[in-house]
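A short worksheet on the structure shown next.
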Amino acid sequence: MAVDASHARLLKEIEAEALATAAYTGIAAFAPRTMAAMAAVPRHEFVPEEERVSAYLDVPLPIGHGQTISQPYVVALMTDLLEIGAGAKVLEVGAGSGYQAAVLAKLARDVHTIEIVPALARTCRERLARLGFANVAVHEGDGGAGLEKEAPFDAILVAAAARRVPPALVAQLKPGGRLAIPLGAAGGAQDLVLVRKDARGEMSARSVLPVRFVPLTGKIQ
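Set out below in structure tokens:
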């Protein structure tokens, strides 16, 4: 897929940032599939009209309701960490404008994304349908509870900071699956953490990178 100059420049910046943070993340270059997904999703479609001039800058942007669309480098990093296969079923917590879900949809078979803000859930659903992302289902609700009716999931991505990994998400992750989540207090120190569940169901976790996300809201935080 051809991309315009600003989008191409953003992809180069993501590649440079991956190399610059490799000492933290252990990843000097993202997988070609990850970068192809980042190239295939038009970020300007997922930001408010007044923010479109900044759509291809490597920065988070406001989307209303106190929420943000994540920095593209962080979207690429979290996506890459999950190692999503073509047949995967993925859960995202915190749909926002739908940008991260769209990137995941370029890699996975099915994506389920949950949004607690009704207005954001509605516009996200409409936007993804308009753009042809038929393999994404948008659900309204408390993402900390996961989506038991669709579990288990090969991968789970949480796009908001929690104080701990919600137990429901651990339970809904398949053996062999991966979960990426920012952990820490709102407005304080946060770390992007990669959680793995082995074939026996035992969990392990490692901190990947200091990050800053809006807080996970709902009963389970």
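So for the sequence shown, numbering that gives the first Met the number 0 puts the first residue at 0; every next one is plus one.
Just so you know, even glycine gets a beta-carbon here, dropped at the ideal spot from N, CA and C.
Check your understanding: Who are the near neighbours of V73 in its chain, counting only those whose CB is closer than 7 Å to its CB and skipping five residues on each side?
Key -> V210
Review point. What's the call for D153, buried or exposed, on a 16-neighbour Cβ count within 10 Å?
Key: buried
Exercise for review: Write down the C-beta distance between S5 and F45 rounded to the nearest angstrom, noting that I regard them as a contact closer than 8 Å.
Suggested key: Rounded, the Cβ-Cβ distance is 15 Å, inconsistent with contact.
Check your understanding: Looking at the unbroken beta strand (DSSP E) that takes in T112, where does it start and where does it end?
Key -> 109-114
Check your understanding: What runs of the alpha helix (DSSP H), each 4 residues or longer, lie entirely inside the stretch 54-82?
Key -> 71-81
Exercise for review: Using a threshold of 9 Å, state whether the C-beta atoms of P71 and M37 are closer than that.
Suggested key: yes
Check your understanding: Relative to the C-alpha of T223, which residue among K218, K11, S206 is closest?
Key -> This structure cannot speak to residue 223, because the chain is shown only from 0 to 220.
Check your understanding: In chain order, which continuous runs of the alpha helix (DSSP H) of length 4 or greater are located wholly inside the stretch 165-190?
Key -> 166-170
**Study point:** Reduced DSSP category for V46 - H, G, I as helix; E, B as strand; rest coil
**Key:** coil
Review point. Got a sec? Which residues, its chain only, sit under 8 Å from M202 by beta carbon, not counting five neighbours each side?
Key: Answer for M202: V169, V194, R195, K196, listed in chain order.
Review point. Since V2 is in the beta strand (DSSP E), which residue starts that stretch and which ends it?
Key: Per DSSP, V2 belongs to no beta strand (DSSP E) and is neither H nor E.
Check your understanding: Would a C-beta distance cut-off of 9 Å place Q99 and S53 closer than the cut-off?
Key -> At a Cβ-Cβ threshold of 9 Å, Q99 and S53 do not count as neighbours.
Point to revise | Limits of the beta strand (DSSP E) - the one that P209 falls within | key: Counted as a single uninterrupted DSSP element, the beta strand (DSSP E) harbouring P209 occupies residues 202-210.
Review point. Does the Cβ of R124 lie closer than 8 Å to at least one heavy atom of the ligand SAM?
Key: No copy of the ligand SAM occurs in the structure displayed, which carries no ligand at all.
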